[in-house]
Each structure stands twice: as structure tokens, then as C-alpha cells.
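Novice: The numbering of the sequence shown is the working numbering, which starts it at 1 and goes up by one. Virtual Cβ for every residue (Gly too), placed ideally from N, Cα, C. Submitted below is the structure of interest, expressed as C-alpha cells.
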Amino acid sequence: MILEKAATSGLSANMMLYLERKYHMDLVTGTNIITLWTAAGNFLPVLGAFVADSTVGRYTMIAFGSIVGLLGTILLWLTTVIPQARPPPCGDSTTQCNSSTIFQVIFLCFTLGLIAIGAGGIRTASMAFGADQFVERYNKKESKAALESYIGWFYTSSLIAIIISFTIVAYIQEHLGWQVGYGIPAVFMFLGAVLYFSASSFYVRSKDRSSFLTSFFQVITASYKNRHFTSASLENKIYHHKKESAFVVPSEKLRFNAILRFLNKACIVKDREICCNANGETQDSWSLCTVDQVEESKAILKVIPLWLTGVLLSVSVNQGSILIVQIMSMDRHITSSFEFPAASLNVVCFISGMSAIVLYDRIIVPLAPRITGKPFNSTSKLKIGIGIFLSIAFMVILAFIEYIRRGIAFEQGFSDNPGVVVNMSALWLILPFCLIGIGEAVNSVGQYEFFYSEFPKSMSSIASTLRDLSSSIGGLVSTSMVNVIDQVTRKGGKPSWISSDINQGHYDYFYLVIACICVVNMLYYLLCSWAYGPCQSAAVKASQEEDEIGRSSCS
1 MILEKAATSG LSANMMLYLE RKYHMDLVTG TNIITLWTAA GNFLPVLGAF
51 VADSTVGRYT MIAFGSIVGL LGTILLWLTT VIPQARPPPC GDSTTQCNSS
101 TIFQVIFLCF TLGLIAIGAG GIRTASMAFG ADQFVERYNK KESKAALESY
151 IGWFYTSSLI AIIISFTIVA YIQEHLGWQV GYGIPAVFMF LGAVLYFSAS
201 SFYVRSKDRS SFLTSFFQVI TASYKNRHFT SASLENKIYH HKKESAFVVP
251 SEKLRFNAIL RFLNKACIVK DREICCNANG ETQDSWSLCT VDQVEESKAI
301 LKVIPLWLTG VLLSVSVNQG SILIVQIMSM DRHITSSFEF PAASLNVVCF
351 ISGMSAIVLY DRIIVPLAPR ITGKPFNSTS KLKIGIGIFL SIAFMVILAF
401 IEYIRRGIAF EQGFSDNPGV VVNMSALWLI LPFCLIGIGE AVNSVGQYEF
451 FYSEFPKSMS SIASTLRDLS SSIGGLVSTS MVNVIDQVTR KGGKPSWISS
501 DINQGHYDYF YLVIACICVV NMLYYLLCSW AYGPCQSAAV KASQEEDEIG
551 RSSCS
């Protein structure tokens, strides 16, 4: 997972520059390709998770992703080696560069698609597969703290991989060329595959298998068949449940619960002698479901509103290509002789996020009980809310800095010269980058904890991919928003707010629009968090140990 993240991040760090310089694409086209590629890499793990949890298993899915991802990175590297894979370079006397041919664009997208499929296979079950190895080594009392620490360090290790890519790999790409710069990610993927397969004999492979989609539709169908039951007629009813199950009757204490309570009808036993066999098992799963199945389905439906807040948060995060243009227009010198790559400023986000997680896990958690005299418990929903709040601050400060930068550009007479760097240090962007780095890290860890604890253990892979799914859809929303704002603001012959000529555009206005979306997202989150109520244990757990982990991870 770490090496895959390093490889993918190494490819995406300067992908916008690669498309502009080697494929002669404009900002909007390049942004759309990158965003769709990123979205695919975040969406495919969800599809793979259903397959992993219900059919092939987590180990096999990660193995498949490793092979396909390696093939994709090799083919993308070949585009830097084979001249026919790219349009010819622009000569000194060329007034207009040749655009890419259809075949070249198709081949490029094909390689990016393979990389996305590979990333999807690996990310499908990496966290859940790691938890399978991790939880087995801790006793019941240590499980809750161990799981929370594991999720934090899992995310931290991903940040370390990204930091390496956005510093060392990005620097190599700009100074040693694309052949070397894109060859390194291929090496990362090769090493990742070798290390993964070499340790196969040591892995603990979970045997949990479930078909959530089938179970979900069975609950919907059974609820509809029993729709004639009213609240009054439900009194003293018998509910079908598994032997020794923690759920004997379906939950009732739900806010805005009309739909969820309707699902309770799926487990009503009309006639036990007719519906169930001697072992108490139902003879028709499409007419009678277990309480466990109902609670499992309700757990999924309950998290959807909260999950949507991650989609809106991702809109503010998925502006990397536009930020690159802004950074390129500012002074990137640290000393008179050293100028850091534009993509490397993103490393501030990852360092700040990693520092926040380490500070929380190693300092705040151990010291807080000693100071307050009470057990310290930071809930997953609180972490999600903090991340959303910091996204607002990020966009507002970013808009203010761009407003100042644009003013300086006009004062220095660069309004019609987008290639000139204004006399303003790009280090001003460190503050907003720190804020969004901390916000995204805290929010992501909160989402991982929340989904993992609220879902049954047999659906751990699906739970671990929901955060990436929100990022994927957020990327699509961001792409649509960029296209809409570009089309609307360029009407009447005016420059687009997000024009490739940053001085003619209004990136500050664009950032403020996103800031308003983040404010709406914050209000929506507070409403959803209240409506959700206290987090409950996941509907289905393999043991009471996992139930305790789920109940104690959020409030």
C-alpha cells in the first residue's frame, strides 16, 4: 500500500506539467483528465471491496491490483521513452504546437486506467487486510486503543509515501527528466509487488464472506412484502434472529427514522412453524430476514448522509492542478540559488497532517488523562467536523493570498504576461496548506474509524473504501464545477475566472465560491451528526470483541 501510494503520487505530482509540456494540453483539458483518473482510482476500490468481501478475498484482490498497477506504470513510463507515443516537441520557430493524436490520447488514458485499476485493487482491502493481521495480536482490553492507533499510523504511512513523491520524485522529474522521473514509480510498484508476494506465507487471511448487495435487497423485498403491518400490529411480534445473536429485536430509537423503521418489518415472523425449519433457519430469505440483516442494512443507510459531507470536503481538496498554476506564478526561491519545485509545496499538507496524527497518538492521548484525571476519548464524528471547519479556513485564506498576488502582478505591469513570476514568495501558501493538511488528515482518520466501527466485520473492506469513494465523487463534482464556472465566467468575451492566464483570471473569486460550499457543508454536517445520534455497535460482528471496538470508537 505504501509503495503503491508513493508510485501513484509520484506520477500525479507533476502530471499537469507533463500533459502541458509533452502532450500540449490546456489547463482545463489536463485538469479533467487528472481529476477523472484520480476519481477512478478512488472509485474502483469500492467495486473491488464488494468482490473481495463476497468472493475472492482481500489477499487475492490486493495481488491482482499489484500486477495490473505494475503493468500500468511500466506502460506510462514507455510514453516518455517512445517518441511516437507523444506529439512532436515544439520547435523554436513553431508558432503553434501540434496537438496529440487520438491514438496518443487513447494510449495515455489506457495506461492511466490500468494504474487506476491497480490502485483500486490494492486500496480495496489494504486497511482491512492490515487490521486482520493487527487485531489478532492484541487481547480484548487492548483492541480499542490498538485499532485507533493502527488507523492513525496507517494513514501516516501513506502521508510519508506521498511526501517522498512530492519532494524527491518531483524534483527528479523537473531536473533529470521524465524518463527517470516516471521510471522511479515503476520501480516502486515492482518492489511493492515483490515484497507483498514474498510474505504471503505469513499473512492471516480472514475467511469472512458476505454478499451485502444480496442481503440488502432481501431486506428491502421482505420489508415490502410485510408493508401491511402497522405500528399497533407490531406489538408482541416475534422477530427472526440468529442463535446467540446480540440483536434479538431491531432498533427503534432513531431520529428521522421512518424509512429505517420500515425495514424492521423484514424480520417479523408471521408463522414460525411455516417460515422456519427445525434449526430456526428461514426457508425463504426474500420473505423473512434476520434482525442482524436488518441492522446491517440500516447501518449502511444511516451513514450515507454523513458520508456525503466527505464528498463536499473533497471539492476543496481536489484543486491541485489550479494551485500548481498559482504557485508557478509566485517566487519559489528559498535561497538565491535554490528554487523548489511547484508540486513540492504540497508536501506541507502531508507533513502537517502527519504531525497532527503523531501529536495526537503519542502526546495528547497519553498525557490528557494525567492532566484531567479522566479517560480521554476523541470521537470519530468530532474529527470529521474539525476537518470540515478547517477546509473553510483553507479556502478563505487561499482566496485572500491570491487577491494580494493578483494585485502585485497588476502593479508590476504583468497583467498581460502570465509567464512572469511576481515579487511575492510562494511560502505565503504554507499557512493554508498546513490548515488543509491537518484538516484532511483528521477528517480522513475520523471517517476511517467511523465507517470501520459502524459496519460489520464481514464488510470491513467496503467500510475502508468509503472515504476514498467520497474523494472520488468529490473529484467529479470538482471537475463539473470547474467546467461550469469556466463556461459561465467566460461569457461575453471576458476572461474565465480560472483562465490559464492566471493574471487575467480571478482565482480568488473561484476560491471564495468553494469556501461558500464548505460553509454549507459544515451546517449540513452539524444537522446530520445530530440526526444520526450516538454511534451504535455495528450490526454484525464476528465476536463480542469487535462489538466493543465499534461501540467505543465514536459517540
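Looking only at C-alpha atoms, which of 267, 299, 295, 302 sits nearest to residue 286?
Specialist: 267
Novice: In angstroms with no decimal places, state the Cα-to-Cα distance between residue 202 and residue 113.
Specialist: 31 angstroms
Novice: Rounded to a whole number of angstroms, what is the C-alpha to C-alpha distance between residue 238 and residue 474?
Specialist: About 43 angstroms.
Novice: For residue 310 and residue 520, what's the separation of their Cα atoms in angstroms?
Specialist: Residue 520 has its alpha-carbon roughly 13 angstroms from the corresponding atom of residue 310.
Novice: Would a C-beta distance cut-off of 7 angstroms place residue 172 and residue 180 closer than the cut-off?
Specialist: Cβ distance < 7 angstroms, so residue 172 and residue 180 count as in contact.
Novice: From residue 501 to residue 297, what distance separates their C-alpha atoms?
Specialist: 50 angstroms
Novice: What whole-angstrom Cβ distance do residue 24 and residue 87 have, given they're in contact under 8 angstroms?
Specialist: Between residue 87 and residue 24 the Cβ distance is about 6 angstroms, and since that is below 8 angstroms, they are a contact.
Novice: Quick one: which unbroken alpha helix (DSSP H) runs of 4-plus residues sit fully inside the segment 354-395? Chain order, please.
Specialist: 365-372
Novice: Is the CB-CB distance between residue 116 and residue 27 below 7 angstroms?
Specialist: no
Novice: Could you tell me if the beta carbon of residue 26 falls within a distance shorter than 6 angstroms of some heavy atom in the ligand GTP?
Specialist: Only the bare structure without any ligand can be found here, which leaves the ligand GTP out of the picture.
Novice: Could you spell out the range, first to last residue, of the alpha helix (DSSP H) harbouring residue 508?
Specialist: Its alpha helix (DSSP H) spans residues 507-532.
Novice: With a threshold of 8 angstroms, are at least 3 pairs of Cβ atoms found where one atom belongs to the segment 464-484 and the other to the segment 382-393?
Specialist: no
Novice: Is it true that the segment 53-62 meets the segment 494-511, where meeting means three or more beta-carbon pairs spaced less than 8 angstroms apart?
Specialist: no
Novice: Tell me which residue opens and which closes the alpha helix (DSSP H) that residue 309 is part of.
Specialist: Here the alpha helix (DSSP H) through residue 309 covers 291-317.
Novice: Quick check on residue 331: does DSSP put it in helix, strand or coil?
Specialist: strand
Novice: By DSSP's criteria, residue 339 is part of a beta bridge. Which residues make up the other side?
Specialist: 333
Novice: Let's test the definition: count the other Cβ atoms within 10 Å of the Cβ of residue 496 and tell me whether it reaches 16, buried, or not, exposed.
Specialist: Residue 496 comes out buried.
Novice: Run the CB neighbour count on residue 420, radius 10 Å, all protein chains shown included, and call it buried at 16 or more, exposed below.
Specialist: exposed
Novice: Look up residue 164 in the DSSP assignment and say whether it is helix, strand or coil.
Specialist: helix
Novice: Around the C-beta of residue 455, are 16 or more other C-beta atoms found within 10 angstroms, so that it is buried, or is it exposed?
Specialist: Burial is judged here by how many other beta carbons sit within 10 angstroms of a residue's own beta carbon; residue 455 has at least 16 and is buried.
Novice: Grouping DSSP H, G and I as helix and E and B as strand, with all else coil, what is residue 239?
Specialist: strand
Novice: What do you reckon, are the CB atoms on residue 462 and residue 49 nearer than 7 angstroms?
Specialist: In this structure, residue 462 sits near residue 49, with a CB-CB distance shorter than 7 angstroms.
Novice: Please report how far the alpha carbon of residue 341 lies from the alpha carbon of residue 332, in whole angstroms.
Specialist: 8 angstroms
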